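I have placed the structure first, in the form of structure tokens, so that the comments after it can refer back to it.
Residue numbers (the UniProt record's numbering), protein chains in the order written: chain A, 1 to 282; chain B, 1 to 1002.
Spelled out as structure tokens, the structure:
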């Protein structure tokens, strides 16, 4: 049986909101009998784009995490829904408008925050994977069609093929989704852009009375006297150790240039940060 | 046919006369036949009863045509009085016109030489002529759209943000999507670079706001009926002081149109020429026929009105500055960018984005077409550097070094880069020697030989806040790698060109490229946003080519279309000009000086003009089109206050939505969107100042813009509204040439190259045509390559004008020397001692920046107001659209959607501001209430809040209180960048920010 899943590349999302808005274009003021009642004009985020800004001026970056309904296998909402939500054979989870009506408690049935209460319709609503379109011959849902960067895509195939793809492409489940219940059918590439943190900094070198960028300065990152990583500063004298776990404790930096060494730390890494600028005097 | 025509015309008058009489008398039989076969003709004839006299003077023929109850009768006239008369000078003309059919030149020549004249009410004449056209079989109902099953029809339309499919069921729009090509659509191009092949996806992209359209079309803020301000009485109290305060009442179209027509006549009678002013935004709903440069221009010319001169607000520094060093006046000082996608992918090693965020601004009309090309560049390892006070969305997507200068200091860094190149021998000396003039003088200025100040990286540090070492490193990388410079999202735009130092910044960008050998492989302008290898030899006009305007002076009509689409010319007899940035002062009757946006030559901008023009009336009647100015013009409380002046006797606003300054009109005329009328237009093809703008797109997509639904409520198309007014002013026939909008679309189709590729029938049915990519050998050459190699110009643009070449046509640049000029000869001629704009690009600190001590102490934050990402200026913003829900556009707090301002975490902490704190941003010009977004994407002391709020919502008296709609331009200066210009310095704006308490209306 071919089943659907979302595959989302965090490295390609630029928060253009085309997915979020195309979803609204499809569902606000449109009734798709058998699939969904109209989404309210405002308030719902069936495709919810979360933002993570990392670092301190001027060494920062920004990542976005588009978050639709994960269409979980063993979905907690389906088990809690008393028929208000159902799992289709193709993996898509759909709200049954008749049976879900009036049950406000269902909103909390989703541990991932993908259910939204429609006050007018008196029912929960969520991303339908645009099942009404797929059943009508469309190849992809509206959000994927609208995505200009290739960040959003879908998978259609057997669970076995999906498992292979996950391993092969190092796809990750949604952050913090484990142990919350359900097995999400939504996987991410480059998720570390959103979940990990970095320690960055800049190196300057005084030469001939002016400060130059510490191009090629060696920076060693240590934790409990063990070398975690090392790198050479780039042409702007910047370094950045990425992929560190937030709250992963205290780090030390050892920076060397032309035989001179500077040390910094301990640096407690609760979130991405800059260690500042290290200037080697002549 | 021609032979037959000539035979009949030459034949003896008696024979001709008999033939004519017979022909005219067979009209009723023809009508009967037509009504039997064609229900549309039948319905049309039933629309009204009418009597018409057709006379042919030379043969004394007079035939009376009666149309009653859907039946036509013909008889010889016995001198009855008829509603309309059509008078032919001679029988030969009748025959000529009978056979002319769609030969508009023949028809117009007959009209101009009075060989045919019409009398009677315009509206009736137009109906009669269109009915004759139906009888002659010239009007065939067009079949259009694609049936998708389930009662859904898919139509096509077009927008600022890309072409779209429009799904309609039961007369209502169900969805709007991007266009995906099918196998029959024109082929795509492929670029081979560094061993890889790149082909764009077979689709069009769209901007986010395009998905907001359905919610905007059906918005609760749509104007559905003509409205009158309740306390406006054209015959009694007008109460101008209540504009922006009083409510409106619904009136009939007849009442509204009668009032507007009567007011137009009254002010002309009472005040004379010049009393009518029309103004509109720079952009409009898409389409060449309905565009403001088309229908509106033709109408305003027809009634005679003072013209608003648009400052070149996208280009400012380029138009007033860069043009003096490299010419390119026709592009307002921006550069052409042909062939640069291929050259950049093949050759470039680095791209410097300077004040350039194409992922937000889409160049202009470019949707996300450039995104995939920049992703290719990234995958090829081309380095990227982003110079911008905001860590913008392009930087966030692509990565690379972010360098954040203090706003409004741009060319200090540019001079320091030049200093490094000069002192470290990192520039192209041979190119400088052969292709440029004046370098030695500029070099001496940069080195400090002339003024004692060496423009070192350390010198620029206190100006820009960027460490000298970073600038030194940037200069070395740039000077030793083949580098593309993208000043602005389009080469020749950028927020840095719209500030007090903007002219000097743009000039210094030209100088930097001149030092690096502009045009050599991999050394050019752009960021892959422009320069796709699409077919530039296939002709379809851009909107700035004037549509049906008939205006050779103020549109690009004379470039191609005056020969291709014959039409009645329209000339405005009123020569009075009003600088757009001075509309409030003009309304208040003040004396004003202005400088024109005249891209014909480098010197066009020097021609100073005054207001009021000699012998002209000051403005008394304001015909406003839409509601944009409060959210887009500088110090816009001025505009609010001007509306409420007694000197302004009448304000009419023709608007789709009840928004912004539309709420300050006396009469509101509800216009419909382009989804409710016919039009035709090519994606991103603006023509005019941005020749071949469509090279931003991966495919050229020409669209028939289907009338997808009927106009909502009683709204009407702009064309129809102008025609309704023109009919009341006895101008209807001249305005319309008795043609419908669909007729005009057909005329424009015929005037383009489309008929060589696709039939009208097929084009209308499918709704779009993808121009196939040209053979590789027919791709446009790379811009500037010819110049770098000392050849004659070979890129496909007509400009500059032949007379602007010193040597011969297409030899050298438009500058006096024909070379890139470090020291500008045009500025030396104009005023060599101008301290604001000296002939050498220099560092002149901002007049509203950190050097202005007292002001800076009071207002220590630099506000940058870039183009918004999720709306197109004021278009698509507000109006209860789904765009309001985009977190980085507006924020919902206590039930209200506030415009956002980004503030650095340090500045926020000092002021007790957190995410979503409502803040009051203010200076001496006004105050705006905004929602804070605390971020390190901006440096300390810099705040970012986009221009373009469509909502003006004063918390107290309009023009004198804080606005919580988000019009940050209430705070920006109305001063010109330099006094001898007409230019907005919107990014030179010092402000203070504090938390807002809701009782504070100041």
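Where is the CB? At the ideal position from N, CA and C, for every residue including glycine.
Here the structure is a predicted model, which means the values were calculated and not measured.
Inter-residue Cα distance where the pair is residue i and residue j
i: residue 432 of chain B; j: residue 440 of chain B; result: 10 Å
i: residue 283 of chain A; j: residue 60 of chain A; result: Residue 283 of chain A is absent from the structure shown; chain A starts at 1 and stops at 282.
i: residue 121 of chain B; j: residue 720 of chain B; result: 16 Å
i: residue 483 of chain B; j: residue 159 of chain A; result: 47 Å
i: residue 229 of chain A; j: residue 877 of chain B; result: 48 Å
i: residue 129 of chain B; j: residue 326 of chain B; result: 52 Å
i: residue 5 of chain B; j: residue 96 of chain B; result: Here residue 5 of chain B scores only 49 on pLDDT, less than 50, and its place in the model should not be relied on; the value that follows carries that caveat. Cα to Cα, residue 5 of chain B sits roughly 7 Å from residue 96 of chain B.
i: residue 188 of chain B; j: residue 772 of chain B; result: 7 Å
i: residue 819 of chain B; j: residue 839 of chain B; result: 15 Å
i: residue 683 of chain B; j: residue 81 of chain A; result: 48 Å
i: residue 491 of chain B; j: residue 314 of chain B; result: 11 Å
i: residue 566 of chain B; j: residue 104 of chain B; result: 6 Å
i: residue 265 of chain B; j: residue 254 of chain B; result: 16 Å
i: residue 450 of chain B; j: residue 443 of chain B; result: 9 Å
i: residue 215 of chain B; j: residue 394 of chain B; result: 28 Å
i: residue 34 of chain A; j: residue 140 of chain A; result: 19 Å
Residue j beta carbon less than 9 Å from that of residue i
i: residue 269 of chain A; j: residue 191 of chain A; result: no
i: residue 747 of chain B; j: residue 739 of chain B; result: yes
i: residue 321 of chain B; j: residue 527 of chain B; result: no
i: residue 831 of chain B; j: residue 980 of chain B; result: yes
i: residue 383 of chain B; j: residue 469 of chain B; result: no
i: residue 227 of chain B; j: residue 251 of chain B; result: yes
i: residue 732 of chain B; j: residue 501 of chain B; result: no
i: residue 361 of chain B; j: residue 867 of chain B; result: yes
i: residue 900 of chain B; j: residue 931 of chain B; result: yes
Closest Cα partner of residue i within the set the options
i: residue 485 of chain B; options: B:517, B:390 and B:470; result: B:517
i: residue 687 of chain B; options: B:381, B:698, B:364 and B:476; result: B:364
i: residue 710 of chain B; options: B:805, B:406 and B:674; result: B:674
i: residue 54 of chain A; options: A:123, A:9, A:77 and A:196; result: A:196
i: residue 1004 of chain B; options: B:938, B:569 and B:957; result: For residue 1004 of chain B there is no data in the structure shown, the boundaries of chain B being 1 and 1002.
i: residue 65 of chain B; options: B:46, B:25, B:87 and B:42; result: B:25
i: residue 223 of chain B; options: B:985, B:936, B:668 and B:140; result: B:668
i: residue 18 of chain A; options: B:953, B:661 and B:208; result: B:208
i: residue 802 of chain B; options: B:280, B:819 and B:811; result: B:811
i: residue 202 of chain B; options: B:99, B:593, B:186 and B:306; result: B:186
i: residue 94 of chain B; options: B:126, B:106 and B:178; result: B:106
i: residue 754 of chain B; options: B:715, B:666, B:538 and B:589; result: B:538
i: residue 652 of chain B; options: B:45, B:180, B:156 and B:243; result: B:243
i: residue 977 of chain B; options: B:656, B:317, B:85 and B:288; result: B:317
i: residue 284 of chain B; options: B:19, B:922, B:872 and B:973; result: B:872
i: residue 611 of chain B; options: B:593, B:626, B:600 and B:625; result: B:593
i: residue 691 of chain B; options: B:658, B:599 and B:167; result: B:599
Contact test: residue i Cβ vs the ligand ZN heavy atom, cutoff 8 Å
i: residue 628 of chain B; result: In the structure shown, the ligand ZN is absent, as is every other ligand, since no ligand is present at all.
* With contact counted as at least three CB pairs below 8 Å, one residue from each stretch, are the region 639–654 of chain B and the region 614–621 of chain B in contact? -> Touching, yes.
* Asked: Is the region 696–716 of chain B close to the region 762–775 of chain B, with three or more CB pairs under 8 Å?
  -> In this structure the region 696–716 of chain B lies against the region 762–775 of chain B, because at least three pairs of beta carbons, one per stretch, are closer than 8 Å.
* Touching or not, the region 189–206 of chain B and the region 368–380 of chain B, by the rule of three or more beta carbon pairs under 8 Å? -> When C-beta atoms of the region 189–206 of chain B are compared with those of the region 368–380 of chain B, three or more pairs fall below 8 Å, so the two segments count as touching.
* **Contact set between the region 922–947 of chain B and chain A, restricted to residues whose Cβ is under 9 Å from the partner** => Correct list: 935, 936, 937, 938, 939 and 940.
* Asked: Between the region 24–37 of chain A and chain B, which residues of the former have a C-beta closer than 9 Å to a C-beta of the latter?
  -> Answer set for the region 24–37 of chain A: 24, 25, 26, 28, 29 and 30.
* **Validate contact between the region 902–913 of chain B and the region 977–994 of chain B using beta carbons, cut 8 Å, 3 pairs** => In this structure the region 902–913 of chain B lies against the region 977–994 of chain B, because at least three pairs of beta carbons, one per stretch, are closer than 8 Å.
* Given 8 Å as the limit, is there contact between the region 456–476 of chain B and the region 299–317 of chain B, that is, 3 or more CB pairs closer than that? -> No, the region 456–476 of chain B does not touch the region 299–317 of chain B.
* **Any 3 or more C-beta pairs closer than 8 Å across the region 204–222 of chain A and the region 160–171 of chain A** => In short, these stretches do not touch, since the Cβ pair count stays below three.
* Quick one: which residues of the region 57–74 of chain A get their C-beta closer than 9 Å to a C-beta of chain B? List them in chain order. => Those would be 57, 58, 59, 60, 61, 62, 63 and 64, in chain order.
* To do: Spell out a yes or no on whether the region 569–586 of chain B and the region 301–314 of chain B are touching, meaning 3 or more CB-CB pairs, one atom from each, closer than 8 Å.
  => Output reads yes: the region 301–314 of chain B touches the region 569–586 of chain B.
* Asked: Taking a cut of 7 Å between CB atoms, which residues from the region 142–175 of chain A lie near chain B?
  -> For the region 142–175 of chain A, which is checked against every Cβ of chain B, the residues closer than 7 Å are 145, 146, 148 and 149.
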